[in-house]
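Asker: Per this note's numbering, the very first residue in the sequence shown carries number 55; after that it's consecutive.
Let me give you the structure first, and then I'll get to my questions.
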Amino acid sequence: MVSLFKVASEVFLLALFAVTLLLNINLFISPPEIIANNQAPFCYAVHQILFTWLNLPQWIYTFIYIGVLYGSAIYFGMVLAKNRFVSNYTYLPALIFITIFSFFNQYTYPTLVFLFLPLFISMFNKLFEIAVHDKNLSRSFDIGLICGTLTLVFLPYWSLVVFSYVIFILITPFYWRYWVATIIGFICPAIIALIFFGLFGNHQIVLDYLMLKQTPDVPFIPLSNFQIWYRFIVIGICLGMLFLFIDEHLFKVTTIMKRYRNLFNILIACLFTYQLIIQTWLFELNVIVLMILSMYYSNVILRVKNELISNIIHGLMILFVLFFQYFT
Numbered sequence: 055m056v057s058l059f060k061v062a063s064e065v066f067l068l069a070l071f072a073v074t075l076l077l078n079i080n081l082f083i084s085p086p087e088i089i090a091n092n093q094a095p096f097c098y099a100v101h102q103i104l105f106t107w108l109n110l111p112q113w114i115y116t117f118i119y120i121g122v123l124y125g126s127a128i129y130f131g132m133v134l135a136k137n138r139f140v141s142n143y144t145y146l147p148a149l150i151f152i153t154i155f156s157f158f159n160q161y162t163y164p165t166l167v168f169l170f171l172p173l174f175i176s177m178f179n180k181l182f183e184i185a186v187h188d189k190n191l192s193r194s195f196d197i198g199l200i201c202g203t204l205t206l207v208f209l210p211y212w213s214l215v216v217f218s219y220v221i222f223i224l225i226t227p228f229y230w231r232y233w234v235a236t237i238i239g240f241i242c243p244a245i246i247a248l249i250f251f252g253l254f255g256n257h258q259i260v261l262d263y264l265m266l267k268q269t270p271d272v273p274f275i276p277l278s279n280f281q282i283w284y285r286f287i288v289i290g291i292c293l294g295m296l297f298l299f300i301d302e303h304l305f306k307v308t309t310i311m312k313r314y315r316n317l318f319n320i321l322i323a324c325l326f327t328y329q330l331i332i333q334t335w336l337f338e339l340n341v342i343v344l345m346i347l348s349m350y351y352s353n354v355i356l357r358v359k360n361e362l363i364s365n366i367i368h369g370l371m372i373l374f375v376l377f378f379q380y381f382t
């Protein structure tokens, strides 16, 4: 299957959608309950539009979920090719992206945060550009704007701004204007949200959210043993692929790739450190880790010259997906 998607022919777009549908068919059979975060303003707005105003049945929302995953995968592949993370544009990164996220669809499906997945990809796109072309004020503003929007989707995403500043310190020269532009961009979504919700007489939800006056509707539920091992396995795979990617004896790593790799290492370290500090495992934060994992797998599989080996790797990934979806 892998060899079919190593080309950019539009014929395989339909095949890619078919794969997306088949790998997420379990959501039609036994869909998880959707958890509405009524404290996050943008999640609250999306929930109101989809399930109160439009009153969508769950099977239509499942199609929306699959559509977001499919569109995000194509956008993901375009970003990797544009920033030379892969040698040329193919649909293979999109296929890997869909496979890995399908592995976790029982966790991403219930949260409306997943509908904002294209914003995460856009953030990576801007960080890629800054890592190579740092002298651009608009990119810094855009990163702040994206982080500010994501913060109104899920509050702990404010930490992405801290990560952006770490990137500025370690990868780019110091330009104070870009730091200020990022802060301005970060504040803008909150102002827009206050105006938008104010038009409907509900601006207090934004104020309470930003001032931490609200408590979650759903209390924190400790992870079961299976869920803990489930995550440890994924972390182990991620770290294993990380070491494989670092080994320059197996794969030659260009200078630009080293800069991207450092960016990923910093981001993973920031995410896990933040979760250790708050002593809570937040799957919404680890969606970003899944994206990094998709990037590593895409790059590694594209570099494997033996088609049989690359197909075996992807075949095993699909077997893991089906096993965890239907037999656990």
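By construction, the Cβ of each residue, glycine as well, lies at the ideal position given by its N, Cα and C atoms.
1. By the three-class DSSP mapping on this structure, what secondary structure does residue 153 have?
2. Leaving out five residues before and five after residue 274 in sequence, what residues of the same chain have Cβ atoms less than 6 angstroms from its Cβ?
3. Going by beta carbon distance, what residues of the same chain come within less than 6 angstroms of residue 34, once the five residues before and after it are set aside?
4. For a test of the three-state rule: what should DSSP assign to residue 89, helix, strand or coil?
5. Would you list the residues sitting across from residue 165 in a DSSP beta bridge?
6. Quick check: the segment 122-130 against the segment 167-175, are there 3 or more CB pairs under 8 angstroms?
7. State whether the segment 85-103 contacts the segment 318-336, with contact taken as three or more CB pairs (one from each stretch) at a distance under 8 angstroms.
8. Taking 7 angstroms as the cut-off, does the CB of residue 321 come closer than this to any heavy atom belonging to the ligand GTP?
9. How is residue 207 classed by DSSP in three states: helix, strand or coil?
10. Where do the N-terminal and C-terminal ends of the alpha helix (DSSP H) with residue 101 fall, by residue?
11. Between the alpha carbons of residue 364 and residue 145, how many angstroms are there, rounded?
12. Between residue 73 and residue 156, what straight-line distance do the alpha-carbon atoms span, to the nearest angstrom?
13. Would you report the Cα separation of residue 212 and residue 201, rounded to the nearest angstrom?
14. Would you check if the distance between the CB atom of residue 75 and the CB atom of residue 120 is smaller than 8 angstroms?
15. Which same chain residues, not among the five before or five after residue 150, have their C-beta less than 6 angstroms away from its C-beta?
16. Below 8 angstroms on the Cβ atoms is my contact criterion, and I expect residue 206 with residue 148 to pass it. Report the Cβ-Cβ distance as a whole number of Å.
17. With distances taken between CB atoms, is the gap from residue 372 to residue 355 smaller than 8 angstroms?
18. Would you report the Cα separation of residue 224 and residue 131, rounded to the nearest angstrom?
19. Would you call residue 265 buried or exposed, if buried means 16 or more other Cβ atoms sit within 10 Å of its Cβ?
20. Near residue 152, which residues of its chain fall below 8 angstroms by C-beta distance, leaving aside the five closest residues on each side in sequence?
21. Counting along the chain, where does the alpha helix (DSSP H) carrying residue 231 start and finish?
22. Suppose you measure from the CA of residue 143 to the CA of residue 330; what does that come to, to the nearest Å?
23. Determine the closest residue to residue 154 out of 381, 375 and 199, with distance taken between C-alpha atoms.
24. Using the three-state DSSP reduction, which class does residue 312 fall into: helix, strand or coil?
25. Can you list, in chain order, the residues of its chain whose CB lies under 6 angstroms from that of residue 257, leaving out five sequence neighbours each side?
26. Count the other CB atoms, across all protein chains shown, that sit within 10 Å of the CB of residue 327; report buried if there are 16 or more and exposed otherwise.
Answerer: Working from what's here:
1. Within the sequence shown, numbered from 1, the residue matching residue 153 stands at position 99. Secondary structure at residue 153: helix, using DSSP grouped into helix, strand and coil.
2. Your numbering for residue 274 matches position 220 in the sequence shown. Because the pLDDT at residue 274 is just 41, under 50, the model does not fix this residue reliably, and the point stays unresolved.
3. Outside the shown range of the chain, which is 55 to 382, sits residue 34, and nothing can be said about it.
4. Counted from its first residue, the sequence shown places residue 89 at position 35. In the three-state DSSP reduction, residue 89 falls in the strand class (E or B).
5. Stepping through the sequence shown from its first residue, residue 165 is reached at position 111. For residue 165, DSSP records a beta bridge to 89.
6. Short answer: they touch.
7. No, they do not touch.
8. For the structure depicted, the ligand GTP is absent and the ligand set is empty, with no information on it obtainable.
9. Residue numbering aside, residue 207 sits at position 153 when the sequence shown is read from its first letter. In this structure, DSSP gives residue 207 a state outside helix and strand, which the three-state scheme calls coil.
10. Locating residue 101 in the sequence shown gives position 47, where the first residue counts as 1. Counting along the chain, the alpha helix (DSSP H) containing residue 101 begins and ends at 95-101.
11. Indexing the sequence shown from 1 puts residue 364 at position 310. Indexing the sequence shown from 1 puts residue 145 at position 91. About 15 angstroms.
12. In the sequence shown, the residue the question calls residue 73 occupies position 19. In the sequence shown, the residue the question calls residue 156 occupies position 102. Separation of residue 73 and residue 156 (C-alpha to C-alpha, rounded to the nearest whole angstrom) is 10 angstroms.
13. Locating residue 212 in the sequence shown gives position 158, where the first residue counts as 1. Locating residue 201 in the sequence shown gives position 147, where the first residue counts as 1. If I take the Cα positions, the gap works out to 7 angstroms.
14. Residue mapping note: residue 75 aligns to position 21 of the sequence shown, counting from 1. Residue mapping note: residue 120 aligns to position 66 of the sequence shown, counting from 1. Taking 8 angstroms as the Cβ cut-off, residue 75 and residue 120 qualify as a contacting pair.
15. Looking up residue 150 in the sequence shown gives position 96. Excluding sequence neighbours, residue 150 sits near 348, 351 and 352.
16. The sequence position of residue 206 within the sequence shown is 152, counting from 1. The sequence position of residue 148 within the sequence shown is 94, counting from 1. About 28 angstroms; that fails the 8 angstroms criterion.
17. Counting from 1 along the sequence shown, the entry for residue 372 is found at position 318. Counting from 1 along the sequence shown, the entry for residue 355 is found at position 301. At the C-beta level, residue 372 and residue 355 stay beyond 8 angstroms of one another.
18. Along the sequence shown, one-based indexing puts residue 224 at 170. Along the sequence shown, one-based indexing puts residue 131 at 77. Using only the alpha carbons, I get a separation of about 26 angstroms.
19. Indexing the sequence shown from 1 puts residue 265 at position 211. Residue burial is scored here from C-beta neighbours: residue 265 has fewer than 16 other C-beta atoms within 10 angstroms and is therefore classed as exposed.
20. Within the sequence shown, the letter at position 98 stands for residue 152. Apart from the 5 residues on each side of it in sequence, residue 152 sits with its Cβ closer than 8 angstroms to the Cβ of 70, 73, 74, 77, 123, 124 and 127 in its chain, given in chain order.
21. Taking the first residue of the sequence shown as position 1, residue 231 is located at position 177. From DSSP, the alpha helix (DSSP H) with residue 231 extends over 230-253.
22. Numbered from its first residue, the sequence shown carries residue 143 at position 89. Numbered from its first residue, the sequence shown carries residue 330 at position 276. A straight line joining the alpha-carbon of residue 143 with that of residue 330 spans about 37 angstroms.
23. As a position in the sequence shown, residue 154 is number 100, starting the count at 1. Considering only alpha carbons, the answer is 375.
24. Counting from 1 along the sequence shown, the entry for residue 312 is found at position 258. The answer is helix: DSSP assigns residue 312 an H, G or I state.
25. For the purposes of this step, residue 257 is identified with residue 203 of the sequence shown, where counting begins at 1. Cβ neighbours of residue 257 beyond the five flanking positions: 248 and 251.
26. As a position in the sequence shown, residue 327 is number 273, starting the count at 1. Its Cβ having fewer than 16 others within 10 Å, residue 327 is exposed.
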